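Novice: Handing you a structure now.
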Amino acid sequence: MTVEPFTLPIARPGPTMFERFAPGAWRVFIGLVIVAVLMIFIAPVAILIVTSIRPASGIYYIWRGTEFTLQNYVEVLQQPQILHAMFNSFVMATLATVVSLGVTVGSGYMLSRFTGRIQKTWFATIYVFRTVPYISFVLPLYLVTTNLRIYDTYLGLLLPHIAVHVCFFSWLMKGFFDSINPSMEHAALIDGCTRWGAFRRVALPSAMPGIAALSILSWLWTWNEFLFALILTGQRTPMITSTMAQFVTETGTEWNLMSATAVLAMLPALLVTIFGQKYVIRGLRM
Amino acid sequence: MLLLVAPAALVLVCFQIIPIFIGMNASFRDWSLVNPAKTWIGLKHYRDVLSDPVFLYTVLPNTFMLMVSSVVLSLASGLGLALLLNKPFFGRPVVRTVILLPLTVAPVITATMIRWSFNDQFGVITNLLSVLGFPEIGWLSDKWPSFSLIILTDVWIWAPWFTIIILAALQGLPREPFEAAQIDASGKWRTFTHITLPMLKPVIIVCVLIRSIDAFRTFDQVWILTGGGPARETEVFSVYAYVEAFVHLDYGKGAAAAGLGALIMLVVGIGLYKLVNRLMEVSR
Amino acid sequence: MAEVILKSVGKAYGSHPVVHDVSLTIADNEFVVLVGPSGCGKSTTLRMVAGLESISSGTIQIGNKVVNDLPPKDRDIAMVFQNYALYQHMTVYDNLAFGLRNRRVDEATIKKEVEHATNILGLAPLLSRKPFQLSGGQQQRVALGRCIVRHPQVFLFDEPLSNLDAKLRAQMRIELKALRERVATTSIYVTHDQVEAMTLGDRVVVMKDGYIQQVGTPLDIYNRPKNRFVASFMGSPAMNFINVDLIEEGGRTRAVAKDLSIAVPERQVASLSGHGNRSVILGIRPEHIHLGAPAEDLGTTFRGELTVTEQLGSELVVGTKVADTLIMASRIAPETELKLHEHAPFWVDPKAIHFFDSKTEAAIR
């Protein structure tokens, strides 16, 4: 069978709609989009920061006024409850991160290297528990912690946090170890390491970049967490998010003070965004 | 080696699995926070929740509306942003840094910022809009404006997440199919719809699955922005359960609502999972 | 169905040049193979013809049109990529039809063209499959089909067989050869495999470090390499190179190294005379070194210690040590009984002796 060759209509590299309309218009359009994107993501943060350094009266003059002050921060930091809450959140985020990573580094490694029924069950469990809305086990956790007399203590908030992290993190950890070629560990075993030594001296260092990214995100997630803090803590162990929320939803008018508090609570996020973006991006891509 | 999983499993069982059963137990009892008797009343709470017009006609539609609109809008804008960031331009590193803000700042603070920016008297954006001649909108006093604000906040938070993941996927795509498409005379739009999107499909599907599940349990933004108000009109499922248990102090009803939510999500989750698996097979 | 003319084509990334001054005229329906080690600029040259890389200097002409500023789609070329570059989410049929649909060819013609191509390539039963359901060889055939349906002026191949395993590669090589008979089109084929270059090309272009080393028919390149690089790159096992001094001895010029003295054939004496008794490089392909003694005295015998033998079944390849130089000899009868570390006599076919300048490495003819 032969087919006669035919000539193909050749598409001319014609100008696009924008180029025909006005040369360079497309670039201007993209430029405007970029500016708009920047505005959208910076504006709320900027508004908050500006409000936090305006005097109480300043917030009523939205466009005018050149008065700026750090008085709000002084006032906020004089409130023991806020300092206390920030301290608590710091301790909680650090503890939860250290413990969850410590626990899941082992389970993740095991899930990665020893395949079988347990692994499958574990994945199903993780998937199922990711679908369970937090409220559905935090509500009962309130009863559990009250009965165990750990309601409104570090422990009472720490354990639920770890429980939530455990599923998810061990799955991520499994991913880290999956990407490390086990033949390195086999070589270590042949070179005289024990199984434990092969894990600690070969696999673990290779997984470190991922673990570092995860630890930063884990810290931030715990610091930022609200629902657990709202339900499982009270006056004795306030967290920064639940304290903030009280400010906003109940007293609700002293926006200059509220903004100062919010900026303080946002500091870790800002620091991580500026100095640790490599880790955030790596962590989110996991 | 099994011992390595033991601590993880133990915490999981004690603080996630057991509480779920305790919650189920509580939902069958008259376990009001002020009544110590805790009488067994069977399915009454479930009947209450399912016959509560607030739950049926406000909470459920709101929850799914938030879920769908947040996921769709974040995906669309996140994808657009990813395509923009995939090309080099002046200031790209700045944009890439800035879009990390929503992902690192606590949702509670984000909601506070939005609430302040849209404050009906002193909000910068409210005032900007009125200066620009838009009609006055009671952003936090009417149902639909409040609900739009909730969606907007959710999109602000999650669009960058889609961007980062899709951007990573874009940069990982092989170059050759695009070169082949160039030789095949495929235009920019056609290359996007016929080559880029299909190649991104697996990533997008997984993102949508994860986000849909998470969007169902949204609590922080709603609680801070509107508290479910005005008049319970913007309540979503998590807020409803919380309000029943801790505001109306009817713990059993709250637990029943929470249980129902878990059940719905289990069904939706399994459904989505199956759908995803099917879509993945088709898209291969 | 057009000539392709490259005039002083160059490519540089910033100040880093990768292709220098490549000039080449490819005749209508000619099949030209660009061959060279990785990084020699062969792929970049091909991609400049395709329009996937911009051209830093010089011009490229396809047919009678300078294409420097034309996008790939307007150059009327088709390309086969190393990893096939099939559209993974489209069926085989859609993969083949994509380029035609973009050019607004009507569906009836597309169907006819696709059928034509699939008949040639034996893809007919696979039309509704997707690429991931195909074997490597089948995927490569689809990639070829994508070119055939378009009836382009030029086919471009960028190492199309290098992702296949050795056996399949040999088979596809033969299929490509057969395909050339059925679909005659000007073709440029890039490979690092000298066997593909030898078997497929009407002409072969050997490249190194961005420069063309030699252009010629496969046999020409094999028998008359222009320099030491071309000589060593083409042929396996590779040509033996021995540093020798030219010494006048009893009225004959001899190439002499330690424990080795080879009479220079008469026809080469003249061209070598310019080199006085400077040292030059002697090049002999392994298949021109024979075990034993020649029927008549040619003055090209030497003895060496057997240090390596490679039994290939069809032939025996022997490595022999002369002083400190390892000299390979091939095409020795496989049944030959040899003992390692014994000394054995060899002789060189005087018709196949090459000399290269030891400084410029250019062939001395």
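Protein chains in written order, with numbering that gives the first Met the number 0: chain A, 0 to 285; chain B, 0 to 283; chain C, 0 to 364.
Cβ coordinates follow ideal geometry from the N, Cα and C atoms, glycine included.
Treat the numbers as computed from the prediction; the structure is a model and nothing was measured.
Buried or exposed: where does Ile76/C fall if 16 or more other Cβ atoms within 10 Å of its Cβ makes it buried?
Specialist: buried
Novice: Just grab the DSSP bridge partners of Leu305/C for me.
Specialist: DSSP lists Thr319/C as partners of Leu305/C.
Novice: Using alpha carbons as the reference points, say which of Leu51/C, Ile326/C, His15/C, Ile363/C lies closest to Thr184/B.
Specialist: According to the sequence displayed, residue 184/B carries Ala and not Thr. The shortest Cα separation from Ala184/B among Leu51/C, Ile326/C, His15/C, Ile363/C belongs to Leu51/C.
Novice: Out of Thr299/C, Arg202/C, Met327/C, Gly40/C, state which residue places its alpha-carbon closest to the alpha-carbon of Ser235/C.
Specialist: Met327/C
Novice: Since Gly136/C and Leu175/C are thought to touch, with beta carbons under 8 Å apart, how far apart are those beta carbons, to the nearest angstrom?
Specialist: About 11 Å; that fails the 8 Å criterion.
Novice: Pick helix, strand or coil for Gly13/C, following the three-state DSSP scheme.
Specialist: coil
Novice: From the DSSP output, read off the bridge partner residues of Glu112/C.
Specialist: According to DSSP, which records beta bridges pairwise, Glu112/C is partnered with nothing at all.
Novice: Among Ala228/A, Val137/A, Asn255/A, which residue has its Cα nearest to the Cα of Thr242/A?
Specialist: Measuring from the Cα of Thr242/A, the nearest candidate turns out to be Ala228/A.
Novice: Below 8 Å CB to CB, which residues in the same chain sit around Pro333/C once its five sequence neighbours on both sides are set aside?
Specialist: Closer than 8 Å at the Cβ level, and outside the excluded window around Pro333/C, lie Gln310, Leu311, Gly312, Ser313, Glu314, Leu315.
Novice: Is there a C-beta anywhere in chain C that falls below 8 Å from the one on Arg283/B?
Specialist: Interpretation of Arg283/B is limited by its pLDDT of 46, a score under 50 that renders its predicted location unreliable; the figure taken from the coordinates is listed afterwards. Yes, Arg283/B lies at the interface with chain C (some Cβ there is under 8 Å from its Cβ).
Novice: For Phe5/A, count neighbouring Cβ atoms within 10 angstroms of its own Cβ and tell me buried if that reaches 16, exposed if not.
Specialist: At Phe5/A, the pLDDT of 44 sits below 50, so the modelled position is not reliable; the number obtained from the coordinates is stated separately. Exposed.
Novice: From this set, Phe245/B, Leu265/B, Ile150/B, Asn276/B, which residue's C-alpha is nearest Ile204/B's C-alpha?
Specialist: Asn276/B
Novice: I'd like the ranges of any alpha helix (DSSP H) spanning at least 4 consecutive residues and lying wholly in the segment 56-136 of chain C.
Specialist: 91-101, 106-120
Novice: Give me the Cα-Cα distance between Leu57/B and Glu234/B, rounded to the nearest whole angstrom.
Specialist: For clarity, residue 57/B is Thr in the given sequence; the question names Leu instead. Each residue's alpha carbon lies about 7 Å from the other.
Novice: Do you know whose CA, among Met112/B, Met264/B, Thr195/B, lies nearest Asp213/B's CA?
Specialist: Met264/B
Novice: At a cut of 8 Å, does the segment 260-272 of chain C reach the segment 333-344 of chain C through at least three beta carbon pairs?
Specialist: With a cut-off of 8 Å, the segment 333-344 of chain C and the segment 260-272 of chain C do not count as touching, because too few Cβ pairs lie within range.
Novice: Compute the distance between the beta-carbons of Ala264/A and Ile108/B, then report whether it is under 8 Å.
Specialist: yes
Novice: Round the Cβ separation of Val279/C and Ile363/C to the nearest angstrom and send it over; I've been treating them as touching at under 8 Å.
Specialist: Confirmed, Cβ separation roughly 7 Å.
Novice: Return the residue from the list Arg200/A, Thr193/A, Val131/A, Gln80/A that minimises the CA-CA distance to Phe167/A.
Specialist: Val131/A
Novice: Let me see if you follow: with CB-CB separation under 8 Å, is Arg210/B close to chain A or not?
Specialist: Cβ-Cβ to chain A under 8 Å: no for Arg210/B.
Novice: Could you give the distance in angstroms between the alpha-carbon of Leu138/A and the alpha-carbon of Thr232/A?
Specialist: Straight-line Cα distance between these residues: approximately 12 Å.
Novice: On a Cα-Cα basis, can you pick out the residue from Ala110/B, Ile164/B, Arg210/B that is closest to Leu271/B?
Specialist: The residue with the shortest Cα to Cα distance from Leu271/B is Arg210/B.
Novice: When you compare each of Tyr45/B, Gly186/B, Phe146/B to Gly22/B by their alpha carbons, which one comes out closest?
Specialist: Tyr45/B
Novice: Would you please verify whether the beta carbon of Tyr272/B is less than 8 Å from any beta carbon of chain A?
Specialist: yes
Novice: Do the CB positions of Thr103/A and Thr221/A come within less than 8 Å of each other?
Specialist: no
Novice: Is Ala48/B helix, strand or coil when you go by DSSP?
Specialist: Sequence check: residue 48/B is Val here, not Ala. Here Val48/B sits in helix by DSSP.
Novice: If you draw a straight line from the C-alpha of His19/C to the C-alpha of Ile179/A, how long is it?
Specialist: 42 Å
Novice: Mapping the DSSP letters down to three states, classify Ile108/B as helix, strand or coil.
Specialist: helix
Novice: Check whether the Cβ of Gly260/B lies closer than 8 Å to any Cβ atom in chain A.
Specialist: yes
Novice: Quick one: which chain A residues come within Cβ less than 7 Å of Val97/B?
Specialist: Leu37, Phe40, Ile41
Novice: Taking Cβ-Cβ distances shorter than 8 Å, what residues in chain B pair up with Ile109/C?
Specialist: Chain B residues near Ile109/C: none, gap ~13 Å exceeds 8 Å.
Novice: Going along the chain, which residues of its own chain have a beta-carbon closer than 8 Å to the beta-carbon of Glu74/A, five neighbours each way excluded?
Specialist: Leu256, Ala259
Novice: So, is the C-beta of Pro4/A closer than 8 Å to a C-beta in chain B?
Specialist: Legend: pLDDT at Pro4/A = 43, less than 50; position of this residue unreliable, value from coordinates given subsequently. Not one chain B Cβ lies under 8 Å of Pro4/A.
Novice: Taking just the CA atoms, how far does Ile134/A sit from Phe215/B?
Specialist: 11 Å
Novice: Could you tell me which chain C residues have their CB closer than 8 Å to the CB of Pro176/B, listed as they occur along the chain?
Specialist: Ala84, Leu85, Tyr86, Gln87
Novice: Considering Phe154/C, what are the terminal residues of the beta strand (DSSP E) in which it resides?
Specialist: 153-157
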